[in-house]
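Student: Residue numbers (full-length UniProt numbering): 1 to 144.
Using N, Cα and C, we set each Cβ at its ideal position, and we do this for glycine too.
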Amino acid sequence: MIFAGYEADIERLLASNDGLRSRFAHRFVFETYSPEELVEIAQVLAAGRDDILDPGAAQTLLSTCEKLAAATVKNHRAIDFYGNGRFVRKVLEAAADLRDLRNDENPPEVFDEAALMTIREPDMAAALSKVVAQIESQAGEGIR
C-alpha cells in the first residue's frame with residue numbers, strides 16, 4: 001500500500017493504531033522544492049513542450065513561488081498546499097493557453113517560431129492569477 005500526504009498528517013494516521021506503524025516499514029519524505037527549483041522545473045517543462053519562458057515570465061513565477069514559500073494555507077506552507085511541482089505545471093499549461101489566445105487575438109508582426117512559442121510576463125501573471133484563484137476557491141481560503 002502507498003499513502004501520500006503531509007508528513008504531520010501521515011504521522012497522526014500512523015499513531016492512530018498501535019500496529020499500523022509497523023506495517024509500513026518504508027517511508028519516503030519528499031522535500032519541498034525551492035522557488036528557484038520550481039522555476040527550473042517550469043523551464044524544463046516548457047522546453048519539453050517546445051515553449052519558451054521569457055525572463056519576465058520566469059521572474060514573475062519566481063516572485064509568486066517566493067511568496068507562496070513564505071506563506072501558509074490551512075497550517076501548511078502555501079507552496080506545498082498549492083501542489084509544489086503540480087502547481088508549476090498547471091500554471092505553465094495555463095500560461096501557454098493564454099499565450100496562444102494572445103497570438104490568435106493579436107498576431108505577432110513577424111511570424112517566427114520564437115514569437116509564437118514565447119510565454120511572456122503578462123501570460124504568466126494572468127495564468128498565476130487564474131490558477132491561484134482556482135486553488136483558493138477549492139480550499140475555501142487564501143494564503144496568509
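1) Please classify Thr-32: is it buried, with 16 or more other beta-carbons within 10 angstroms of its beta-carbon, or exposed?
2) With C-beta atoms as the reference, is His-14 less than 8 Å away from Phe-24?
3) Rounding to the nearest angstrom, what Cα-Cα distance links Gly-56 and Ser-16 in this structure?
4) Report the residue from Glu-136, Gln-134, Val-73 and Ile-119 whose alpha carbon sits nearest the alpha carbon of Thr-60.
5) Distance cutoff 8 Å, beta carbons only. Does Ala-4 sit that close to anything in chain B?
6) Inspect the CB distances between the region 108-126 and the region 69-77 and report whether three or more fall short of 8 Å.
7) Where does Ile-2 sit, in a helix, a strand or coil, going by DSSP?
Tutor: So, from the data block:
1) As a working mapping, residue 32 is identified with position 32 in the sequence shown. Exposed is the call here.
2) Within the sequence shown, the letter at position 14 stands for residue 14. Within the sequence shown, the letter at position 24 stands for residue 24. Here residue 14 turns out to be Leu, not His, going by the sequence shown. Contact: yes.
3) Mapped onto the sequence shown, residue 56 falls at position 56. Mapped onto the sequence shown, residue 16 falls at position 16. Approximately 48 Å between the Cα atoms of the pair.
4) One-based indexing of the sequence shown puts residue 60 at position 60. It is Ile-119.
5) The structure shown contains no chain B; it holds only a single protein chain.
6) no
7) Your numbering for residue 2 matches position 2 in the sequence shown. The answer is coil: DSSP assigns Ile-2 none of H, G, I, E or B.
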